[in-house]
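Undergrad: First the structure, then my questions, so here it is.
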Amino acid sequence: MTIENIIKELGWEVFAGASLLQKPVKGVYASDLLSDVMGRAREGELWVTMQTHKNIIAVASLKDLAAILIVNGGRPDEDTRQAADAENIVLLGSNAGTYINCGLLYKLIGADAMVSS
Amino acid sequence: MKEMTYEFPIEGGDFIKAGHASSNVKKILNQLSLDPAIIRRIAVAMYEAEVNVVAHAYRGTMKVFISPAAIRVRVEDEGPGIPDIEKAMQEGYSTASDKVREMGFGAGMGLSNIKKNTDKLEIQSKINQGTVIEMITRIKSKGA
Numbered sequence: 001m002t003i004e005n006i007i008k009e010l011g012w013e014v015f016a017g018a019s020l021l022q023k024p025v026k027g028v029y030a031s032d033l034l035s036d037v038m039g040r041a042r043e044g045e046l047w048v049t050m051q052t053h054k055n056i057i058a059v060a061s062l063k064d065l066a067a068i069l070i071v072n073g074g075r076p077d078e079d080t081r082q083a084a085d086a087e088n089i090v091l092l093g094s095n096a097g098t099y100i101n102c103g104l105l106y107k108l109i110g111a112d113a114m115v116s117s
Numbered sequence: 118m119k120e121m122t123y124e125f126p127i128e129g130g131d132f133i134k135a136g137h138a139s140s141n142v143k144k145i146l147n148q149l150s151l152d153p154a155i156i157r158r159i160a161v162a163m164y165e166a167e168v169n170v171v172a173h174a175y176r177g178t179m180k181v182f183i184s185p186a187a188i189r190v191r192v193e194d195e196g197p198g199i200p201d202i203e204k205a206m207q208e209g210y211s212t213a214s215d216k217v218r219e220m221g222f223g224a225g226m227g228l229s230n231i232k233k234n235t236d237k238l239e240i241q242s243k244i245n246q247g248t249v250i251e252m253i254t255r256i257k258s259k260g261a
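As they're listed, the protein sequences go chains P and A.
Residues in the first sequence are numbered consecutively from 1, following the working numbering.
Residues in the second sequence are numbered consecutively from 118, following the working numbering.
Encoded structure:
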């Protein structure tokens with residue numbers, strides 16, 4: 001499933017990377033600890049987090065993640081948004097929290113993508 | 118291919134810039150058309166070493182040596198040093214401040230992430246002087 005398909009279903013806001021929404025999402029990883037993401041997230045996954053500072057872009061870029069979803073209505077700092085554009089990272093937002101978003105994602109793409117990615 | 122050397126400064130306490138050196142090196146590695154999985158391993162290890170300098174030290178440098186067989190990364194810092202390296206290697210152990218933790222750093226996974234993503238890791242540390250980390254990731258490791 002592409003990022004665009006997911007956005008259509010779940011109505012997220014696009015903060016950056018609007019031209020990259022055709023990227024496939026291979027799975028989902030939810031965490032607010034950067035080293036946890038560095039250690040355990042896998043290439044092509046969508047990262048769900050409440051962190052909004054610029055360093056999330058470095059993490060997503062270094063790990064080749066598909067996109068970042070900022071939850072709880074969080075807005076990225078301006079330098080975060082600029083870094084996302086510069087590094088070609090898709091940056092998304094949702095007013096709902098991690099639990100709701102992960103539940104909806106699970107319903108939408110299931111666990112198959114996650115174990116096979 | 119001759120050995121290529123790159124050097125990047127790292128500023129202690131500058132969390133906004135943390136990851137900058139690692140991102141630059143990753144861009145260089147991407148141009149060498151290496152296995153993306155190997156590049157990601159190196160990227161994780163570099164990032165964690167860089168963040169350690171930002172979180173704990175005053176300043177440091179990252180030197181990267183690229184040869185056909187391996188990528189060697191040496192991160193040196195001027196800082197407080199690590200009193201107990203064995204303890205620091207344990208997953209979950211961290212001396213990071215609350216402010217740093219709120220940003221999602223300081224999970225106590227940095228050094229174990231480095232270990233998992235490198236083929237060789239050496240840490241030397243002197244209290245009140247600084248720390249040197251040298252790590253090697255082989256390019257033609259199994260599964261590559």
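Beta carbons: idealized from backbone N, C-alpha and C, even for Gly.
Between which residues of its own chain and D131 (chain A) is the CB-CB distance below 7 Å, once the five residues before and five after are set aside?
TA: Walking along the second sequence from the start, residue 131 (chain A) turns up at place 14. Excluding sequence neighbours, D131 (chain A) sits near V171.
Undergrad: Say whether chain P places a C-beta atom closer than 8 Å to the C-beta of Q164 (chain A).
TA: Position 47 of the second sequence, counting from 1, holds the residue named residue 164 (chain A). Strictly speaking, residue 164 (chain A) in this sequence is Tyr, with Gln absent from that position. Residue contact check for Y164 (chain A) against chain P: a CB pair falls below 8 Å.
Undergrad: If you measure beta-carbon to beta-carbon, which residues of the segment 139 to 160 of chain A are closer than 9 Å to chain P?
TA: S139, S140, K143, P153, A154, I156, R157 and A160
Undergrad: Pick out whichever of A:Y123, A:I240, A:V161 and A:K134 has its Cα sitting closest to the Cα of G273 (chain A).
TA: Look at the range of chain A in this structure, 118 to 261, and you will see that residue 273 (chain A) is not part of it.
Undergrad: In this structure, how does DSSP classify P126 (chain A) when only helix, strand and coil are distinguished?
TA: Locating residue 126 (chain A) in the second sequence gives position 9, counting from the first residue. It is a strand residue.
Undergrad: Give me the subset of the segment 14 to 46 of chain P whose CB atoms are less than 7 Å from a CB atom of chain A, sorted by chain position.
TA: D32, L33, L34, S35, D36, M38, G39 and E43
Undergrad: Can a CB atom of chain A be found closer than 8 Å to the CB of Q51 (chain P)?
TA: If you number the first sequence from 1, residue 51 (chain P) lands on position 51. Yes, its Cβ sits closer than 8 Å to a Cβ of chain A.
Undergrad: For F182 (chain A) and chain P, any beta-carbon pair shorter than 8 Å?
TA: Residue mapping note: residue 182 (chain A) aligns to position 65 of the second sequence, counting from 1. Taking Cβ atoms only, chain P never reaches closer than 8 Å to F182 (chain A), which makes this a no.
Undergrad: Taking the alpha-carbon positions, what's the L105 (chain P) to V90 (chain P) distance?
TA: The count along the first sequence starts at 1 and reaches residue 105 (chain P) at position 105. The count along the first sequence starts at 1 and reaches residue 90 (chain P) at position 90. Going by the C-alpha atoms only, they are around 17 Å apart.
Undergrad: Decide yes or no for the touch test of the segment 206 to 219 of chain A against the segment 142 to 150 of chain A: beta carbon pairs closer than 8 Å, at least 3 of them.
TA: no
Undergrad: Threshold first: 3 residues or longer. Then list the beta strand (DSSP E) segments lying entirely within the segment 119 to 183 of chain A, N to C.
TA: 121 to 128 and 176 to 183
Undergrad: Would you list the one or two residues that DSSP bridges to Q241 (chain A)?
TA: The sequence position of residue 241 (chain A) within the second sequence is 124, counting from 1. Beta-bridge pairing links Q241 (chain A) to A:V249.
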